[in-house]
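Enquirer: Structure below; questions to follow.
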Amino acid sequence: MPANLPPGLPIIPDGPQESGPFEMSADDFEAAVTDALGLIPAKLAAAMDNVAVFVEDDYVPGPGEDPDTVLLGLYEGVPLTERDSWWDAGSLPDRITIFRQPILDICGSRDEVIQEVAVTVVHEIAHHFGIDDRRLHELGWD
């Protein structure tokens, strides 16, 4: 991942996709994200602290970022492993954003969308717990 991007799941397309894009309403996609969050084990969900999950249509690269960068999800915040005793004093919630269109673009069926949403949600929650992309790759979550 380029050093100037926050932790997320960057994908730089290298050609035409074999499947997709799959059509799914915004409401159905949000339901898939909600369902994926519901799959998080209760103990793990209870350990999450001050994090909000959002769905947006697409990631828009900022100044200095590769304009062709595509993200499926993005974690923005301070991982639990990096918080100190002062962190709670007025800190905004961490933010996990799941990007609808890039996921639909790489999926060819509803089942693929549901699977990709689940993997992306787990990936971004892992960042909240301080697990970096290298470790996620080692664990097979990339």
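Straight run, no breaks: the sequence shown in UniProt numbering ends on number 142. Ideal placement from N, C-alpha and C gives every residue a C-beta, glycine not left out.
#1: So, are the CB atoms of isoleucine 96 and glutamate 138 less than 8 Å apart?
#2: Are there three or more Cβ pairs, one per stretch, closer than 8 Å when the region 95-114 is compared with the region 20-32?
#3: Leaving out five residues before and five after valine 33 in sequence, what residues of the same chain have Cβ atoms less than 8 Å from its Cβ?
#4: Between which two residues does the alpha helix (DSSP H) containing glutamate 112 stretch?
#5: Grouping DSSP H, G and I as helix and E and B as strand, with all else coil, what is alanine 89?
#6: From leucine 72 to tryptophan 86, what distance separates their C-alpha atoms?
Expert: From the atom records:
#1: Reading the sequence shown from its first residue, position 96 is the one you call residue 96. Reading the sequence shown from its first residue, position 138 is the one you call residue 138. Their beta carbons are not under 8 Å apart, which means isoleucine 96 does not touch glutamate 138 by this criterion.
#2: With three or more CB-CB distances shorter than 8 Å, the region 95-114 counts as touching the region 20-32.
#3: Sequence index remark: in the sequence shown, residue 33 carries index 33 (1-based). Here the set comprises Val53, Val55, Ile98, Val117 and Val121.
#4: Within the sequence shown, numbered from 1, the residue matching residue 112 stands at position 112. For glutamate 112, the uninterrupted alpha helix (DSSP H) run begins and ends at 110-128, by DSSP.
#5: For the purposes of this step, residue 89 is taken as the residue at position 89 of the sequence shown. Assignment of alanine 89 by DSSP, reduced to helix, strand and coil, places it in the coil class.
#6: Residue mapping note: residue 72 aligns to position 72 of the sequence shown, counting from 1. Residue mapping note: residue 86 aligns to position 86 of the sequence shown, counting from 1. Distance between the alpha carbons of leucine 72 and tryptophan 86: 31 Å.
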